[in-house]
Every structure is written in C-alpha cells, then in structure tokens.
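Trainee: In the numbering used here, the protein residues as written are 124 to 967. Quick reminder that beta carbons are idealized off the backbone N, C-alpha and C, glycines included. This structure is a prediction, so every number in the text was calculated from the model and none was measured. Here's a structure for you.
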C-alpha cells in the first residue's frame, strides 16, 4: 500500500494550550467572551415596561380616583389588581426569558480548543486570553488571536475593513493577526487568543459580532397595528363617554371613572402578551424535540411554508458513500467494485486516494480510501505531500502535490466537467467520457472525475487548473436514500407543501434518487448554468414547474430561493455547508443540520435539527401550525369577549337607559384577570388538531384573519352582547335595583366567558370532540373561574366590594341558560358546517 504523509499538515505535538486549572481565574479576570454594548435586561426594566403599559396607567388612574372619591375599599381592590396584573406579566416575562435563554444556549456558537494538550469543544463565550483555538473553513473567528500554525489559510475581513477580498494569513508576524467576527475562507489553523469580548478590535469599534439580526415579523407588525387601532378606539370612546356622562351629571370625577371603565374594556392588552409567550414557549418546547429555533418568531413562518428546498446528500440520502463502480480511461474498462476482488495495474484508485485527505471527514473520501485499501495490492512507497490546492471553483475540484525523489506527483479530483476541461481532451473523447458519466449517473451514482500530472521543478502554478493534466477516469459512488424518507415526503405532500431538490450532483443521479424516494414530477430538471442564464420572470415561472435542480453552486442556489420568494412562495431550505449559507439566510426559514452542518450554516439558519433527521422538519411545520392556530384561537377569544364588555359599558349610556353605567373599573379588571391567563396560558397548551397537517399553508400576506374568521368572532361577541343586554334591559325595567341588575349582568358575563373559552378550542370540531382534547389547564381554569364566581357571590365583603346583591337559584339558572345559549349556538353551527362539507365531498 502507498504510505503517504502530510509534511504540510498542522503538527500539534508542541501545542499544549491552557491548563484547566487556569481557566476559572482567567474568566474572573477577563469575563465572558461576550460583546455587550447595552445593560442586561433585569427585573427593573421589566417593571418599567409594565408601568408604561396603557392598562397599568388606566388602573393607576382608577385607583387614584377611587381614593379621591373616598371609596377606599375599591381603591385597595384596584391596587391589589395592579399587583396581580403586574405579577402575571412578570411571570409571563420570566417564563419567556427563561425559554429564550435556553434557546440562546443551544444556538451559541461552539469552538474547538486545546486545553491540557487535548482537543475539546466549548461555547465561544467561554474563551479566555491564552486559549489555543482550532479554526477551519467556514468558522467565524470568535476572538482576536495570533496564528501559530496554519495551512493554506485565508480570511474574509470585510466586517472590519469593508473589503470583500480574502486576505492570506500565516505564522509570519506581519500576517498572523485574526480578528473577532471575520470568517475563515480557506484552510485551517491553530491560533492563540489575546483579546476577548469588548477588548477585541471589533468590540472597540462598537460593532456586534452577531450575524443574525432579529427583525419584527409580518405577524408582529399586523398585531401591533391591530392593537393600536383598538387602543385608539378605546381612547376615543373614553373621551366620548366621559363627555356624555359629564353633560348629564356635571360630576367630573365620576364621569372620568366611567370613561376609564370603557377605555379599560376596549384595550386588548392580552394580545401582545399572548404573542410573545406563545412564540417563546413554543420555541422552547420545540427545542426539546431536537428542533432549535434561533429566534422564537421563526415559528410564525413555519405555518406558512409552501415550498421546502432540500439538498440530496445527507438530507435525502444516508451520507454513507460506497464506491460501486469506476471507469478506467486508460484501460477503457468499467469495473464493478462489488464483484471485483483485486484491481491491479490501474492508477485510477491510486490517484483518487492521493487526492483525498489522510483522515477524511467527507463521506466520498472515506469511501475512496476504503475501496483503495480493499481493492489494491499493498505497496511500500512513502510519499510526502508538499502542497495542497483546497476545494474551489465552479464546478469544484481539489489537488494534492507529493514529492517523489526529485519529481512531484500531482493528484486531482472533482466534478467531471471540470476534470474533463482541465485535461484538454478532444471533442470525441469528451463525448465518450460524458456518455460513461451519464450512464453511471442514471443508476443513481454520484460521479467524480480523477486526473494526474507530474512536475520536475519546484515552481507550482498559481491555479490548479494549469498543471499538465492527464485524465485517469471516473468514480461512481452510491449513497442510499434514508429508510424513512418516503414517509417523510408523503407527510410533506399531504401538508400541501411542494418539495424541490437542489444539489450539486449530476441531473441523472438526482432524477434516479428522486424517483426512488417519491418526488413528484422528477423527470424534468434545470442545471445551475441554465438558471444563471435565465431572466427573472422566466425563472419565476420555471421554479413553480420544476422540482429537480442539479449541478448547482452557491449563486444558483441563491437565485432559486429568490425566484421562489418572488413568485409568492414561503420557502424553507435545508443545508449544511459553507456554500449553503447565503441561500439559508435568504430563505424565509433556513434549516441547518446540527450534526454534520458547518458552524457557518448553523449561524446562518433559523432552525437547527440536532440529529439531522428530516422527519423533524414535518414535526417543526406541524408545531408551527399548531402554535399559530392556538394563537389565533386566543386572539379570536379576546375579540369575542371584549365586544360584550364594550357594548355593555357604552350602549346603555348612549341609549339613556335607567342604569346607564352598570360596570365600574372593579368589574372590568376582574374580567381582565380571568381573561389574561385564559388566552396566554390555556390556549398555548391546546393540543394540535387532527387535520392541521392536511390544511393548506396559510397565506402569509393576507393578515392574521380572513374576513370569514373575523366575522365569526365578531358575531360570537355580538350574540353574547345581545344575551347580556336583554337580561340587563329585562331586569332594569321590571323594578329591580341597580345592584340586582348588575348582579345578573356580571354573572352572565362571567358564565359566558367560561363557555366561550371551551367553545373556541376549535372552530371546526364541536364540543363532543374537543372535550377529549388533552390540556392540563382545563381543570384549573374551570375550577378557578367557578371559585371566583362563588367568592364574589358568597363572601359578603367581596360581594359588597363589587356592589352586588344576593342572587337566587332561579336567577342564577336564568343567567346560566342565557350564557349557554349565547355561546353554544356556535357548536350547532360547527356541526352543520361539518355535515355540509361531508355532503360536498361525497358529491364530488
């Protein structure tokens, strides 16, 4: 066997690194390797945010007015409510913050360091001056450092200098500085850290090293606009009610109090709280499934994904290559390596092996080394590698140069087109080789070209293409599809999501694998070169029809993603390499492989699959749809229950009823205390509905609700309002006192709220099915609501505080009946709708 060694490889015999016992003292001295330009958010910042909330301001104002009016009991009640509301907000913030911290820890970049002479992987935040770090192609440099050993190292320093050209680096004092935030373009090195955190050059420039910017999502913008619109309505209503009350009573303070009641009823402060908690807690729950989200808002887009773009190798296939066959050009023979015992007299495997790394990471190189050891007779020649041209170009190739006595042996391997081109073959020979490549590719094999050369002098050409190359032949490697991949694709198609394969492989190879795994419409394809030549409008049309994109390179991948986005698709893309980073960043959801993915890919992506299992993508989409669906349920519940509160607080005054102001701020805040936890905790825990993965992806650009959904929620609120106002009117005009009327109205409102909570668990399935939904907050919410109802009716001091009277059993049953009827009509509607849909399906 040929024994070869890397004389230009990085030797680490004399590199020990820091001792583990030194780390604690250094971290105490220099702190964490964190860039911080702002003070960390603490409880005082949270309290300040709470105090600035419109609802808190209204509560504080109402509390003050109660004390001014001499109603100290109501004043203390409002103060207790303020504390309670603040506690809920603090609890929700603490849960969200804890979830976000956990997510940040999972997505924190990691780095290989030498400590006590051994390699270990740590988070970049744990680096201290003096650490020795191993940096490779695609790594973002985590701290300022000096190169101490390097191999073909170049760095992109655009974040510091603004220049996009790579800069060569080596051990020389003039060329050895590495700066935090810059990126290793080629090669690898060991470097010694000399500055961390704010002490780095980037830190002193005041720049952030984060490559992932958190921007407001479309849903956040829509919710903000919606809440602002309702807030403006609330302020306007406050002014109007205040004015009407003042004109009628000429009591400024009392009028202000009733104006505040309507303002508090109008502002849906629960919606932003529900959004932030749903997203943060949802992302945290997904991380437990092995799906790590870089920012919680990513979940919003998951429910809208309409296209998934997949790499072939390692995503669809096992990424465990086997060298199945090879075409030896010199012998003009095709060898089946599964049946051949030994292959002698062929240089093809020898040069393929020499063009591979000694300890390969790449699955193809592992397969080549294994095939060489299995199929070639042992020889005893020592070759030393003296130079290396790294994998580069479009399509790519790589070259190793070895010293053999006074001459040099050169071995290169790469994409077939590139190898054929550099060997300067005539057209007839090119056609012959291409026919062989297509034949092998049509069997599902991945094809590599191999070439060799020799050199008698010490001067190497600047480009690897410029050697005097001789074509050696083709290697055909097979990477079997993953066993469960057909079922995964079936789930994706059932969810009405298209699948596109984007790969660097031959079209024939890709078509073969795609047909095995069940990709639809897989016989048509486009190549990277064809894509780059197309006009944008033509490409946008083509990407809708074509599902196979072969012989792709980074610029072409990016162009595909941009074309899909421009054609209105919501795009998710998987990737694992440095070359995938631009497309991962461009996609609405970039999905990186956590096990075999590069750090560059992970830091560019939105989601990281910890075990590289593509089945997790369908789990993520299902979870995203679930969270979005539950958020909509919560918001629709908030809309529906706010409508009767607003109508009950305003219409009697506008219509000049006998009791124009039935509610005070005390009653409104009590309803808010029930509603807050219901929408942000109860609905967040709702299970996924059975048909959610058969639904069409939501259209991201049409708003959170369509007209029908919004109309249903408004009608729900109006029907409850009618039921409450009918009782209000009936009791008011039949000789009942204000407190008796208030008791009936308030009790009906609370009961309607309880029924609405359970009715809105689904907008398609009726109560007979939703009662079996597993939600561990069902009993607590029900018990607490009933307990609150009993307290305000049975404890005299509380009953007096709410200005209520004793309620009789017939009156309570009437309230219960009206509340049930005004909500549960929707269950009849859902049943009827279901019957109509089934009949329509049968007729089709």
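1. Which residue marks the beginning of the beta strand (DSSP E) containing residue 458, and which one marks its end?
2. Expressed to the nearest angstrom, what Euclidean distance is found between the alpha-carbon atoms of residue 489 and residue 446?
3. So, does the stretch 736–748 touch the stretch 812–820, judging by three or more C-beta pairs under 8 angstroms?
4. How would you label residue 438, buried or exposed, when you count the other beta carbons within 10 angstroms and need 16 or more for buried?
5. If I measure Cβ to Cβ from residue 426 and keep anything under 6 angstroms in the same chain, skipping five residues before and after, which residues do I get?
6. With burial defined as no fewer than 16 other Cβ atoms inside 10 Å of the residue's Cβ, what is the status of residue 619: buried or exposed?
7. Could you check the C-alpha separation between residue 236 and residue 144 for me, to the nearest Å?
8. Do you know whose CA, among 707, 640, 699 and 630, lies nearest residue 674's CA?
9. Does the Cβ of residue 759 have 16 or more other Cβ atoms within 10 Å, making it buried, or fewer, making it exposed?
10. Can you tell me which of 838, 250 and 597 puts its alpha carbon nearest to the alpha carbon of residue 539?
11. Report the rounded CA-to-CA distance for residue 474 versus residue 534, giving the unit in angstroms.
12. Does residue 883 pass the burial test, meaning 16 or more other C-beta atoms within 10 Å, or should it be called exposed?
13. Classify residue 591 as buried or exposed, calling it buried when 16 or more other Cβ atoms lie within 10 Å of its own Cβ.
14. Buried or exposed: residue 902, going by 16 or more other Cβ atoms within 10 Å of its Cβ?
15. Measuring straight from C-alpha to C-alpha, what distance separates residue 754 and residue 712?
16. Across the stretch 689–697 and the stretch 661–675, are there enough close Cβ pairs to call them in contact, namely three or more that are closer than 8 angstroms?
17. Would residue 511 be called buried (16 or more neighbouring beta carbons within 10 Å of its own) or exposed?
18. By the 10 Å Cβ neighbour count, where 16 or more other Cβ atoms means buried, how is residue 140 classified, buried or exposed?
19. Identify which residue in 412, 929, 418 and 735 has its Cα closest to the Cα of residue 400.
20. Quick one: Cα of residue 528 to Cα of residue 581, how far?
21. With DSSP collapsed to three states, give me the class of residue 911.
22. Going by beta carbon distance, what residues of the same chain come within less than 7 angstroms of residue 146, once the five residues before and after it are set aside?
23. Please report the Cβ distance between residue 642 and residue 622, rounded to the nearest whole angstrom; I am assuming they are in contact, meaning their Cβ atoms lie under 8 angstroms.
24. Mind checking whether residue 680 and residue 769 have CB atoms under 8 angstroms apart?
25. What did DSSP end up calling residue 462 once you bin it into helix, strand or coil?
26. Counting pairs of beta carbons, one from the stretch 564–584 and one from the stretch 609–619, are three or more of them closer than 8 angstroms?
27. Going by DSSP in three states, residue 937 sits in which element: helix, strand or coil?
28. With respect to the beta strand (DSSP E) encompassing residue 745, which residues constitute its N-terminal and C-terminal limits?
29. Suppose you measure from the CA of residue 911 to the CA of residue 841; what does that come to, to the nearest Å?
30. Starting from residue 313, follow the beta strand (DSSP E) in both directions and report where the run begins and ends.
31. Using only the alpha-carbon positions, how far apart do residue 346 and residue 727 sit?
32. I want to know whether the stretch 696–709 touches the stretch 543–557 - three or more CB-CB distances under 8 angstroms.
33. Across the stretch 856–868 and the stretch 928–947, are there enough close Cβ pairs to call them in contact, namely three or more that are closer than 8 angstroms?
34. Which class does residue 429 belong to by DSSP, given the choice of helix, strand or coil?
35. For residue 735 versus residue 716, is the C-beta distance shorter than 8 angstroms?
36. For the beta strand (DSSP E) containing residue 622, list its first residue and its last residue.
Mentor: Let's see:
1. 456–459
2. 10 angstroms
3. yes
4. buried
5. 747, 748, 751 and 821
6. exposed
7. 15 angstroms
8. 630
9. buried
10. 597
11. 5 angstroms
12. buried
13. exposed
14. exposed
15. 20 angstroms
16. yes
17. buried
18. buried
19. 418
20. 12 angstroms
21. helix
22. 251
23. 6 angstroms
24. no
25. coil
26. no
27. helix
28. Note, residue 745: premise wrong, no beta strand (DSSP E); alpha helix (DSSP H) at 738–777.
29. 25 angstroms
30. 306–318
31. 27 angstroms
32. no
33. yes
34. coil
35. yes
36. 621–625
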